[in-house]
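Chemist:
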Amino acid sequence: MLFNTFLGLKLKRILTQLTIFIAVIAIFFLIIQTKNDKKDNKIANPEIIYEKNEFNDKLVKKRVKQSAPSLLIKVKSGDTLEKILKKAGFKNEEIFKVINETKKIFDPKNLIIGNEITIKYQNKGKSIEKSINSIFIPLEFNKNFYLEKINENFVAKFQSEKTQKRLIKKNGFITDSLYLSGLRSGINKKAINEMIAIFSFSVDFQRDIWRNDKFEILYEEEFIKYDKSNKNLGKILYANIDLQSLGSLKLYRFESESGKVEYFDENGKSAKKLLMKTPIDGARLSSGFGMRKHPILGYNVQHRGVDFAAPKGTPIYAAGDGVIEKKGWNGAYGKYIRIRHANNFKTAYAHLSKFNKTPGGRVKQGSIIGYVGSTGRSTGPHLHYEILKNGKRINPQKLKLPSGRKLKNGELERFIEEKNLIHRKIDDLGLY
Ligand SMILES: [Zn+2]
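Going by the numbering used here, the first residue of the sequence shown is number 1, and it counts up by one from there.
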């Protein structure tokens, strides 16, 4: 009994020691393994990175630094390539050659403020004289300027990176405005702006959007391979807002035979109407919910228009194609514009802070005619918007506007195919 207990204790101790020993060895191997993995990455990566913009990658930059020093210069206001190179201490003779070569494809004075220019150079012999090896200037998404010294001559060219596309589906509830709720759900900013623009024909973004309305969007995003931070908005394929006030509105992208891109509803009716219901940048409207209760912001017989509360300077759009028939100061209306449209419609815009130049007085739907202000009898910056039919002011909220074109025959068939394809894509992306 005593012996057994003694043996048991000893065995227990041996087992414990053995377990600790094995654990220590396991951890040791794990650490070595992780280190090796990191090493492997370093060896394996340069090949992948080589496909990428070699100047934007830290790893490659390190390699560049080992072989040749480089300068990273942020473009400031008033900078030209010549100024930058002079400031960096390169020789005039060399700068002259660089500028001449650059001019063949790109204006060296036309730099974008804030962009970063990379200059690789070498020190000539033992002297402190620097000599340019290459210059890299990012220009726009997927387009860069690259100048390189080849056999003592400079050669300039444009470079483009490999890009990839991915399809993004987002949805959510509106808690304040479509713009802010969309941003919070991670939708690309440009995509929300475009989404608001295509719904502006049929939705009053001040009065028709209520708390807990739903939205959904499907769009393409283009990005440079291996650099997902650099994104470009591709096509919006589908957008849906499900409103308590107007019901569910779905719009689908469709390219007609002429190559023109438009948005159509489920039945193939164009999203575009004769006049816009929100003739202002809807993304900048003050949160609509509280505003709807404000008496002056609704429509009544005395008021005869609808108001859009937005910060001073918010762009105001021509609600439809037409001719400006009045533009100037108009008493209580302040700075005022009235446009004559087809079908005996007119629209008026009041309290503007300033007008936009409209040569000839002819305006296209959606073009900027002026900016929000508080001129005339007004208590704060807003747009007062009126629609007139046969000279009488009518309530834009109740107006049934003649809709734009409706797809027919072959085009309608093609649209329905396209619509079904879009829905299959949405289903493929799953619930999220
Ligand atoms: Zn008003």
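Glycine included, every Cβ here is placed at the ideal spot set by N, Cα and C. Being a predicted model, the structure only gives us computed values, none of them experimental.
Can you check whether the CB of Arg284 is closer than 8 Å to the CB of Ala310?
Modeler: yes
Chemist: Could you name the residues whose beta carbon sits closer than 6 Å to any heavy atom belonging to ligand 1, keeping them in chain order?
Modeler: In chain order, the residues with a C-beta atom nearer than 6 Å to some heavy atom of ligand 1 are His303, Gly305, Asp307 and His384.
Chemist: So is Thr379 buried or exposed if we call it buried at 16+ other beta carbons inside 10 Å?
Modeler: exposed
Chemist: Apart from the five residues just before and just after Leu111, which ones in its own chain have a Cβ nearer than 6 Å to its Cβ?
Modeler: Val75 and Asp79
Chemist: Do you know whose CA, among Asn193, Gly366 and Tyr238, lies nearest Leu167's CA?
Modeler: Tyr238
Chemist: Does the contact criterion of 3 or more C-beta pairs under 8 Å hold for the region 179 to 191 versus the region 129 to 140?
Modeler: Contact fails: fewer than three Cβ-Cβ distances are below 8 Å.
Chemist: Assign Tyr317 to one of three DSSP states: helix, strand, or coil.
Modeler: DSSP places Tyr317 in strand when its eight states are reduced to three.
Chemist: Please determine, among Gly234, Phe215 and Gln206, the residue with the shortest C-alpha to C-alpha distance to Glu221.
Modeler: Gly234
Chemist: Count the other CB atoms, across all protein chains shown, that sit within 10 Å of the CB of Asp428; report buried if there are 16 or more and exposed otherwise.
Modeler: The residue is exposed, with fewer than 16 neighbouring Cβ atoms inside 10 Å.
Chemist: Can you give me the C-alpha to C-alpha distance between Leu249 and Asn100, rounded to a whole angstrom?
Modeler: 56 Å
Chemist: In this structure, does DSSP put Asp213 in helix, strand or coil?
Modeler: coil
Chemist: Going by DSSP in three states, Glu325 sits in which element: helix, strand or coil?
Modeler: strand
Chemist: Find the nearest neighbour of Asn390 within the set Asn409, Lys364 and Thr347, judged by alpha-carbon distance.
Modeler: Thr347
Chemist: Go through its chain and collect everything with a Cβ distance to Gly366's Cβ below 8 Å, but skip five positions before and after it.
Modeler: Cβ neighbours of Gly366 within its own chain (closer than 8 Å, five residues either side excluded): Ala197, Met276, Tyr317 and Ala318.
Chemist: Helix, strand or coil: which one does DSSP assign to Glu54?
Modeler: Interpretation of Glu54 is limited by its pLDDT of 41, a score under 50 that renders its predicted location unreliable; no figure is taken from the coordinates.
Chemist: Under the DSSP definition of a beta bridge, which residues are partnered with Tyr226?
Modeler: Answer is none; Tyr226 lacks a bridge partner.
Chemist: If we count the other Cβ atoms within 10 Å of its Cβ and call it buried at 16 or more, is Lys354 buried or exposed?
Modeler: exposed
Chemist: Do Ile236 and Ile217 count as a contact pair if the criterion is CB distance below 8 Å?
Modeler: In this structure, Ile236 lies closer than 8 Å to Ile217 by Cβ.
Chemist: Tell me whether Gln17 sits in a helix, a strand or coil according to DSSP, three-state version.
Modeler: helix
Chemist: At what residues does the alpha helix (DSSP H) containing Ile137 begin and finish?
Modeler: Premise fails: Ile137 lies in the beta strand (DSSP E), Lys130 to Glu140, not in any alpha helix (DSSP H).
Chemist: Mind checking who Gln405 pairs with in its DSSP beta bridge?
Modeler: The identity of residue 405 in the sequence shown is Arg, whereas the question assumes Gln. DSSP output for Arg405 lists no bridge partner at all.
Chemist: Would you tell me roughly how many angstroms separate the C-alpha atoms of Ser258 and Phe201, rounded to the nearest one?
Modeler: 23 Å
Chemist: Name, in chain order, the residues that DSSP records as bridge partners for Lys250.
Modeler: Asn240
Chemist: Taking just the CA atoms, how far does Asn142 sit from Ser160?
Modeler: Going by the C-alpha atoms only, they are around 5 Å apart.
Chemist: Can you have a look at Gly322 and say buried or exposed, based on whether 16 or more other CB atoms are within 10 angstroms of its CB?
Modeler: buried
Chemist: Kindly indicate which residue of Gly182, Arg207, Lys162 and Phe223 has the alpha-carbon position closest to the one of Lys214.
Modeler: Checked all of Gly182, Arg207, Lys162 and Phe223; the closest Cα to Lys214 is Gly182.
Chemist: Using DSSP with H/G/I as helix, E/B as strand and the rest coil, what is Ala271?
Modeler: coil
Chemist: Using the Cα positions of Leu352 and Gly334, report the straight-line distance between them to the nearest angstrom.
Modeler: 7 Å
Chemist: Pull up the CB-CB distance for Ile280 and Phe345, whole angstroms please, since I reckon it's below 8 Å.
Modeler: No, Ile280 and Phe345 are not in contact; Cβ-Cβ is about 18 Å, not under 8 Å.
Chemist: Which value, in whole angstroms, describes the spacing of the CA atoms of Ile73 and Glu152?
Modeler: When rounded, the distance between both Cα atoms is 24 Å.
Chemist: Can you say whether Arg338 is buried or exposed, counting buried as having 16 or more other CB atoms within 10 angstroms of its CB?
Modeler: Per the 10 Å Cβ criterion, buried.
Chemist: Would you say Gly305 lies against chain D (beta-carbon separation less than 8 Å)?
Modeler: In summary, chain D is missing from the structure at hand, where a single protein chain is found.
Chemist: In angstroms, rounded to a whole number, what distance separates the CA positions of Gly376 and His384?
Modeler: Their Cα atoms are separated by approximately 11 Å.
Chemist: Tell me which residues share the same chain as Val363 and place their Cβ nearer than 8 Å to its Cβ, disregarding the 5 neighbours each side in the sequence.
Modeler: Ala318, Asp321, Gly322, Val323, Ile324, Ile339 and Ile369
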